[in-house]
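Residue numbers (the numbering used here): 376 to 702.
Structure record follows, encoded as structure tokens.
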Ligand code: UFG
């Protein structure tokens, strides 16, 4: 029985594929390489260069491979772009997943682990955020992911389809081997942008707002290592296959760091002064996003291994230093 990983050539997907293979699973990767990289796909995974909108091709894949479950990463994930091009996000994320789930139902594939996001919550009512808290996305990216969660819920009520949606907080870091890591174009995430300074690609890091109601005025986020996210996907799939009910889980460390603290940690890791310049707030940024991951810990038995920010940034630095231009 094989596991299909959509978006397995992307940042989080490629780490999950590696974790699955290291755990002895047989993996099939589906990716259209629109934002992913062929080099990121583990050589032991079978690769299909394919678009999830293509229902006939999905049918062929499901018939040719003995797929027991799907881990679904394939999506666009830039918050800013989603506000300028909402239909691109509805088309790829929502309609692409609709096509995938229809194919799963047609072919009797029962289990799906879905890559969701903390952006489903929007401005939190309180921190740490619980899965039962209000979901009111403040951007189109989060809205498409929330719509998919709901689509899976209603579909699961009518068909033999079981899902886990994993709401990640701030994914970061890279595989400790240094062989795969984060490569986005354009890059919008804080840690890789900070590391562009010691790499000589950027003069300074811009700090988006230092007038938030936090201890140093900068935004607080919950940074979670990509390998810890990978572990959670495998646990979630095993949970479903063992008869666990469909559910939603947060994935974070449960500890928040300010933008200034992240920069300071990167200075220590890289030994570079990393100049920072204060800039206006970025539209749509909540002051604080910190997860309660108690549910994933107690039900899935998940335990993040990288709960130290310095180690997390060290793995990112090892990757970027050795791959300054990505793949
Ligand atoms: N930031 C800066 N300067 C930069 C880039 C970011 O100060 O150059 C700040 C942001 O304002 C924010 C923090 O650093 O306060 C983290 O920003 P990221 O862009 O790295 O991450 P976000 O928290 O905005 O977004 C992440 C994921 C999204 C997901 C979201 C959930 O990248 O996919 O969490 O809220 F939707």
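Every residue, glycine too, gets a C-beta built ideally from N, C-alpha and C.
Would you mind sorting residue 557 into buried or exposed? The rule is 16 or more other CB atoms within 10 Å of its CB.
To locate residue 557, count along the chain shown from 1; it is residue 182. Residue 557 should be labelled buried.
If I follow the unbroken beta strand (DSSP E) through residue 547, where does it start and stop?
Taking the first residue of the chain shown as 1, we reach residue 547 at position 172. Counting along the chain, the beta strand (DSSP E) containing residue 547 begins and ends at 545-547.
At which residues does the beta strand (DSSP E) containing residue 755 begin and terminate?
In this structure the chain extends from 376 to 702, so residue 755 is not present and cannot be described.
Could you pull out every residue in the same chain whose Cβ sits closer than 6 Å to the Cβ of residue 449, ignoring the five residues on either side in sequence?
As a position in the chain shown, residue 449 is number 74, starting the count at 1. So the qualifying residues of the chain are 381, 382 and 427.
Assuming residue 579 contacts residue 652 under a Cβ cut-off of 8 Å, what Cβ separation, rounded to an integer in Å, is found between them?
For the purposes of this step, residue 579 is taken as residue 204 along the chain shown, with counting starting at 1. For the purposes of this step, residue 652 is taken as residue 277 along the chain shown, with counting starting at 1. Yes, residue 579 and residue 652 are in contact; Cβ-Cβ is about 5 Å, under 8 Å.
Check whether the stretch 531-538 touches the stretch 659-671, counting contact only when three or more Cβ pairs, one atom from each stretch, lie closer than 8 Å.
Counting Cβ pairs under 8 Å, fewer than three are found: no touch.
Suppose you measure from the CA of residue 585 to the CA of residue 635; what does that come to, to the nearest Å?
One-based indexing of the chain shown puts residue 585 at position 210. One-based indexing of the chain shown puts residue 635 at position 260. For residue 585 and residue 635, the distance between alpha carbons rounds to 9 Å.
For a quick check, are the C-beta atoms of residue 468 and residue 519 less than 7 Å apart?
Numbered from its first residue, the chain shown carries residue 468 at position 93. Numbered from its first residue, the chain shown carries residue 519 at position 144. Result yes, Cβ atoms of residue 468 and residue 519 sit closer than 7 Å.
How should residue 506 be labelled, buried or exposed, when 16 other C-beta atoms within 10 angstroms of its C-beta is the threshold for buried?
Numbered from its first residue, the chain shown carries residue 506 at position 131. Per the 10 Å Cβ criterion, buried.
What's the C-alpha gap between residue 420 and residue 616?
By 1-based counting over the chain shown, the position of residue 420 is 45. By 1-based counting over the chain shown, the position of residue 616 is 241. Answer to the nearest angstrom: the Cα atoms are 21 Å apart.
Going by the beta-carbon positions, is the gap between residue 488 and residue 610 smaller than 7 Å?
In the chain shown, the residue the question calls residue 488 occupies position 113. In the chain shown, the residue the question calls residue 610 occupies position 235. Contact flag unset, no.
Ignoring anything shorter than 4 residues or poking outside the stretch 508-587, list the alpha helix (DSSP H) runs there in chain order.
Listed in chain order, they are 515-533 and 565-570.
Short of 8 Å in beta carbon distance, which residues of its chain neighbour residue 631, apart from the five on each side in sequence? Order them along the chain.
Here residue 631 refers to the residue found at position 256 of the chain shown. Contacts found: 502, 595, 596, 597, 663, 664 and 665.
Can you name the start and end residues of the beta strand (DSSP E) that residue 421 belongs to?
By one-based count along the chain shown, residue 421 stands at place 46. That run of the beta strand (DSSP E) goes 421-424.
Measuring straight from C-alpha to C-alpha, what distance separates residue 564 and residue 402?
Position 189 of the chain shown, counting from 1, holds the residue named residue 564. Position 27 of the chain shown, counting from 1, holds the residue named residue 402. Whole-angstrom Cα-Cα distance: 29 Å.
In the stretch 601-642, which residue ranges form an unbroken beta strand (DSSP E) of at least 3 residues, counting only runs that do not cross its ends?
Those beta strand (DSSP E) runs which fall completely within the stretch 601-642 and span 3+ residues are 622-626.
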